[in-house]
Amino acid sequence: MGDINTPVSFPDLAFDKFSGEDPCQDPNKFLNMVENKINFSLGRRPDDIDLHEAYDFRQLALFSSLLRGPAADWYASNKERIENWEMLKTESLNRFTDGRDKYKFRIEVENCVRHPHEVIKNYLARVKSAVDRGWPNDFTDIPERNHCVARVEQQAKRNQKYIDYAVRGLKHKAHEYLIEHPNATFEQFKEQIISKDLTF
Numbered sequence: 345m346g347d348i349n350t351p352v353s354f355p356d357l358a359f360d361k362f363s364g365e366d367p368c369q370d371p372n373k374f375l376n377m378v379e380n381k382i383n384f385s386l387g388r389r390p391d392d393i394d395l396h397e398a399y400d401f402r403q404l405a406l407f408s409s410l411l412r413g414p415a416a417d418w419y420a421s422n423k424e425r426i427e428n429w430e431m432l433k434t435e436s437l438n439r440f441t442d443g444r445d446k447y448k449f450r451i452e453v454e455n456c457v458r459h460p461h462e463v464i465k466n467y468l469a470r471v472k473s474a475v476d477r478g479w480p481n482d483f484t485d486i487p488e489r490n491h492c493v494a495r496v497e498q499q500a501k502r503n504q505k506y507i508d509y510a511v512r513g514l515k516h517k518a519h520e521y522l523i524e525h526p527n528a529t530f531e532q533f534k535e536q537i538i539s540k541d542l543t544f
């Protein structure tokens, strides 16, 4: 990554703006799109702690440049208390997703099967997306000082759900792999399954 203070080209006209009022707009997809653009434009968060403040500021600035209408108004009212990208993602999803959505995605992943001729990488991505949206971070009744720990714990539970639901739509050899490797992470499982696509 270059100097954090070097201007970065960010052609926001090439992106659909997020208003928060269009039911066709998916907040999760929007956040993923912005996150990918941020990673491309700014690179990874620098190790130098002295650069964190500048990096976090630019992340939030790139995000806010793509907001319009109610979403822009919401951010303007809350930007002073939003400290970083992870907090922004949690807060914006809480604001712009209907709590009922998560149950819809839980049902979706419960019935998720691999389509005929579907590339296994795409199948696993569908499962992961549904799990992420069915079990989003929930900090209800958790003190803010404990949010970091809660976030890690909740992600660990999602990681197991990725495997539990993905394996349902795969052949018996995928189950055998998990029996032989009971402590496999989702990334290890995914790498193995993708490398053996025709078998699984």
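Just so we're aligned, residue 345 is where the sequence shown starts under this note's numbering, counting upward by one. Heads up, the beta-carbon is just placed ideally off N, CA and C, and yes, glycines get one too.
In three-state terms, what does DSSP make of Pro351? Caution applies to Pro351, whose pLDDT of 49 falls short of 50 and renders its modelled position unreliable; the value that the coordinates give is listed next. The answer is coil: DSSP assigns Pro351 none of H, G, I, E or B.
With DSSP collapsed to three states, give me the class of Leu411. Strand at Leu411.
Count the other C-beta atoms from every protein chain shown that fall within 10 angstroms of the C-beta of Ala417, then say buried if there are 16 or more, exposed otherwise. As written in the sequence, residue 417 is Asp, which differs from the Ala given in the question. By the neighbour-count rule (16 or more Cβ atoms within 10 Å), Asp417 is not buried but exposed.
Kindly indicate which residue of Ala415, Glu430, Asn490, Ile507 has the alpha-carbon position closest to the one of Glu531. Answer by Cα proximity: Ile507.
Whole-Å CB distance - Val511 paired with Ala518, under 8 Å assumed: 5 Å between Cβ atoms; contact.
Using the three-state DSSP reduction, which class does Phe362 fall into: helix, strand or coil? In the structure shown, Phe362 sits in a strand (DSSP, three-state: E or B).
Can you have a look at Phe384 and say buried or exposed, based on whether 16 or more other CB atoms are within 10 angstroms of its CB? By the 10 Å Cβ count, Phe384 comes out exposed.
Is it buried or exposed, Cys456, if we count other Cβ atoms within 10 angstroms and call 16 or more buried? When all chains shown are included, Cys456 counts as buried.
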